[in-house]
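Going by the working numbering, the sequence shown opens with residue 1, and the numbers climb by one from there. Glycine residues also receive a C-beta, built at the ideal position from the N, C-alpha and C atoms.
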Amino acid sequence: MTVRSDIHDRLAASLREARRAKGLSLDAVARLSGVSRSMVSQIERAESSPTVATLWNLTQALQVDFAGLLEPRPDLSIEVVRAQSAPVIAGRSEGVLIRILSPADAVGSHEVYDLRFQPGSKLPSDPHGPGCREHLTVLEGEVTVTSGEDRQHLGLGDTARYFADRPHQIAAGEQGARAILIVQNS
Numbered sequence: 001m002t003v004r005s006d007i008h009d010r011l012a013a014s015l016r017e018a019r020r021a022k023g024l025s026l027d028a029v030a031r032l033s034g035v036s037r038s039m040v041s042q043i044e045r046a047e048s049s050p051t052v053a054t055l056w057n058l059t060q061a062l063q064v065d066f067a068g069l070l071e072p073r074p075d076l077s078i079e080v081v082r083a084q085s086a087p088v089i090a091g092r093s094e095g096v097l098i099r100i101l102s103p104a105d106a107v108g109s110h111e112v113y114d115l116r117f118q119p120g121s122k123l124p125s126d127p128h129g130p131g132c133r134e135h136l137t138v139l140e141g142e143v144t145v146t147s148g149e150d151r152q153h154l155g156l157g158d159t160a161r162y163f164a165d166r167p168h169q170i171a172a173g174e175q176g177a178r179a180i181l182i183v184q185n186s
């Protein structure tokens with residue numbers, strides 16, 4: 001009996017998941033890659049150590065990243081952050097509450113916020129990095145979004161997408177507002 005390494009297990013699982021995600025049979029992968037069906041099956045069961053050339057053919061057939069095959073698999077469990085546990089920060093001005101919905105490791109790439117505005121409150125922002133965009137969807141009330149010289153009024157359910165690499169602001173109407181904000185850095 002041979003001891004299978006963690007690398008073989010990860011490689012086998014990655015290739016099997018990629019094949020299943022594409023809805024391909026072992027025969028289909030064999031035809032697309034030029035690797036025999038039995039070899040594909042052995043690799044997926046971690047019973048064979050493929051050559052670099054074989055792996056390359058399989059990744060090309062499955063259209064997956066060669067380098068990513070051996071990366072540790074992410075935790076597939078559902079992460080839950082209860083409403084009362086989400087981090088909350090105050091806005092730059094009074095009357096704005098910002099609840100952070102994205103994970104801490106997303107800061108600087110893809111951030112998600114739940115914004116709650118008291119009536120007439122504003123959230124001014126300095127320019128973010130070059131190419132940064134914000135996507136704002138109004139869940140309650142009305143807001144006015146300003147990005148540079150452009151200004152748009154949004155009502156319930158409206159979404160605005162705008163550059164945030166210039167001075168910008170979100171201002172609530174007379175009834176207050178709630179919105180979801182996604183900050184997407186380039």
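| Asked | Found |
| --- | --- |
| Measuring alpha carbon to alpha carbon, tell me which residue in 20, 85, 46, 37 is nearest residue 64. | 20 |
| How long is the line joining the alpha carbons of residue 18 and residue 62, rounded to whole angstroms? | 7 Å |
| Kindly identify the DSSP beta-bridge partner or partners of residue 122. | 171 |
| When the Cβ atoms of the stretch 95 to 108 are set against those of the stretch 153 to 165, are three or more pairs found closer than 8 Å? | no |
| Out of curiosity, what's the CA-to-CA distance linking residue 9 and residue 59? | 16 Å |
| Would you identify the three-state DSSP class for residue 20, choosing helix, strand or coil? | helix |
| Should residue 58 be listed as close to the ligand GTP, given that the test is whether its C-beta is under 7 Å from any heavy atom? | Among the components modelled here there is no ligand, and therefore nothing to report on the ligand GTP. |
| Within 10 angstroms of its Cβ, does residue 167 collect 16 or more other Cβ (buried), or is it exposed? | exposed |
| For residue 38, which of helix, strand or coil comes out of DSSP? | helix |
| Can you check DSSP and say which residues form a bridge with residue 147? | 150, 168 |
| Grouping DSSP H, G and I as helix and E and B as strand, with all else coil, what is residue 59? | helix |
| Give the DSSP bridge partners of residue 183, in chain order. | 111, 134 |
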